Structures are given as C-alpha cells and as structure tokens.
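J.:
Residue numbers (our numbering): 440 to 685.
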C-alpha cells in the first residue's frame with residue numbers, strides 16, 4: 440500500500456536552541472524537518488533538500504531579515520510554498536507587514552510548540568483546499584480587466600478615465616484573489632481562507648458583505664453583474680478576463 444510521505448518543513452531561525460527544540464517536537468509529531476540559521480542557508484536548503492511543504496521563517500535574522508526573504512520567496516519559483524512567520528515583535532504593523540509581504544500566517548514569540556504545530560497544520564490545510572492550478576503566479580505591477588486597472592503597488596483601482604478609487608485592505612485582498620483566479624468558481628469557504636489575516640476575524644457572511652462592497656467600487660450592477668457573478672449554492676466567479684502588465 441502506498442503511503443503519503445511526511446510533510447517536510449523548513450525552519451529558518453538563527454537561535455540554535457529554538458531550532459533544535461522545534462525540530463525534536465515536530466519530528467515526534469510526524470513531520471520531516473530541515474533547519475537552518477540564515478537566508479543564505481535557506482536558499483541552499485531549498486535547492487538541495489526541497490521541495491518543502493511549509494517554511495517557518497523568523498522575522499529577525501542576521502543579514503537578510505525575514506520580510507526580505509519572504510518577499511523574495513513570493514516572487515520566485517517558491518511562490519506557492521506556504522510561509523509561517525515567527526516574530527518577537529508585538530506591534531500590529533509588523534505583523535500586518537509580514538502578511539502583506541506574502542506570509543500565510545504569523546506567530547509571536549514566545550509561543551508553545553503545540554500552538555506552532557496547530558498553525559502549521561491549519562496553513563497547510565488551507566493551502567491544499569485549492570487545486571494547484573488555482574495558486575497565484577502573477578507578479579505584475581498593473582492588472583487590467585474590463586474598464587479597470589489595478590495598481591498592485593499602490594493598491595487602488597483606476598477607471599478608464601484615469602480616476603483612482605481607493606480600496607480598503609480587505610477589499611484589495613478579495614479583489615486580488617478574484618484577479619488571480621479568473622473564470623474559477625470560488626466557494627465562500629475558499630474565499631474566507633484566502634483573504635483572512637490574523638489581524639481580522641472574518642466569518643462566512645462577511646464574504647458576502649465584502650463582495651457587495653467590492654461590486655460598489657467596481658460600479659457592478661448586483662442584478663446583472665459584469666465582473667463578480669454569484670453562482671447559486673457554490674460561491675462567486677470573476678467573469679472577466681485579466682491581463683497582467685509590467
């Protein structure tokens with residue numbers, strides 16, 4: 440009988456004691472673990488020991504910090520690998536910045552190994568809810584669809600007359616999910632998992648409210664929508680084609 444190999448986790452943390460403790464605990468709980476102290480060692484491990492099912496990335500590292508490494512991972516060939524960021528900082532802005540750089544979750548130090556394991560499993564479970572062809576691969580700074588463009592750096596909409604329309608963080612995240620997966624029906628549960636951040640507590644009904652707000656931004660008629668269409672008993676689909684521009 441074929442059995443699925445154990446999930447392989449890469450730990451990047453310059454604290455040797457933390458690396459050793461986490462490695463021992465995670466291995467005991469059925470994971471394979473590779474641990475390294477710096478970004479340079481991380482890149483070597485990715486090439487020699489990968490692929491990995493998840494990367495645990497410390498924010499405060501010697502040399503390149505975790506935010507820089509997270510951003511680089513998200514723009515390279517490892518863009519689809521889930522990232523769980525560890526941080527000793529408690530400021531909300533630092534946590535949100537990590538999520539905006541592409542981290543899938545964060546955990547503030549000090550933390551229990553049991554909580555880390557729960558977060559690892561939750562992140563991998565959310566990631567695997569989507570088929571591989573639904574993972575984002577776009578890195579352009581401008582996306583165009585219908586009468587609109589999205590500036591992915593400034594995070595706002597631009598209509599065909601050049602007028603800018605500001606988006607909230609939640610509206611932007613939801614729009615990006617739709618733009619990354621055009622013509623694909625996404626359930627409310629999938630949208631919830633793809634858009635939620637640890638800085639906000641979302642629930643299924645909030646997705647409907649957020650879609651309604653986004654339709655208003657796009658001037659999309661809810662009775663006959665051009666862009667965000669409701670699929671009865673399934674979810675929503677972004678019905679327009681999307682063009683990536685540099």
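All C-beta atoms, glycine included, are put in the ideal place defined by N, C-alpha and C. Since we're looking at a predicted model, the values are computed, not measured.
Can you list, in chain order, the residues of its chain with a C-beta nearer than 7 Å to that of residue 594? Leave out the 5 residues immediately preceding and following it.
T.: Cβ neighbours of residue 594 beyond the five flanking positions: 606 and 611.
J.: With a Cβ-Cβ cutoff of 8 Å, do residue 506 and residue 498 count as a contact?
T.: Yes.
J.: Once DSSP output is grouped into helix, strand and coil, what is the label at residue 589?
T.: In this structure, residue 589 counts as strand in the three-state DSSP scheme.
J.: By a C-beta neighbour count over all protein chains shown, 10 Å radius and 16 as the cutoff for buried, is residue 671 buried or exposed?
T.: Burial call: exposed.
J.: What span of residues does the alpha helix (DSSP H) with residue 458 cover, start to end?
T.: Segment 455-467, the alpha helix (DSSP H) holding residue 458.
J.: The beta strand (DSSP E) with residue 384 in it runs from where to where?
T.: One cannot answer for residue 384 here, as it falls past the ends of the chain, which runs 440 to 685.
J.: Would residue 414 and residue 654 qualify as a contact pair, given that the criterion is a beta-carbon distance under 8 Å?
T.: Lying outside 440 to 685, the shown extent of the chain, residue 414 is not represented and no answer is given.
J.: Looking only at C-alpha atoms, which of 553, 684, 662 and 558 sits nearest to residue 618?
T.: Ranking the options by Cα distance to residue 618, first place goes to 684.
J.: Is it buried or exposed, residue 478, if we count other Cβ atoms within 10 angstroms and call 16 or more buried?
T.: Residue 478 comes out buried.
J.: Helix, strand or coil for residue 471 per DSSP?
T.: Note: residue 471 maps to strand in three-state DSSP.
J.: State the start and end residues of the unbroken alpha helix (DSSP H) segment that holds residue 498.
T.: First-last for residue 498: undefined, no H or E at that position.
J.: Count the other CB atoms, across all protein chains shown, that sit within 10 Å of the CB of residue 609; report buried if there are 16 or more and exposed otherwise.
T.: Result: buried.
J.: Per DSSP, what kind of secondary structure is residue 605 in: helix, strand or coil?
T.: Three-state result, residue 605: strand.
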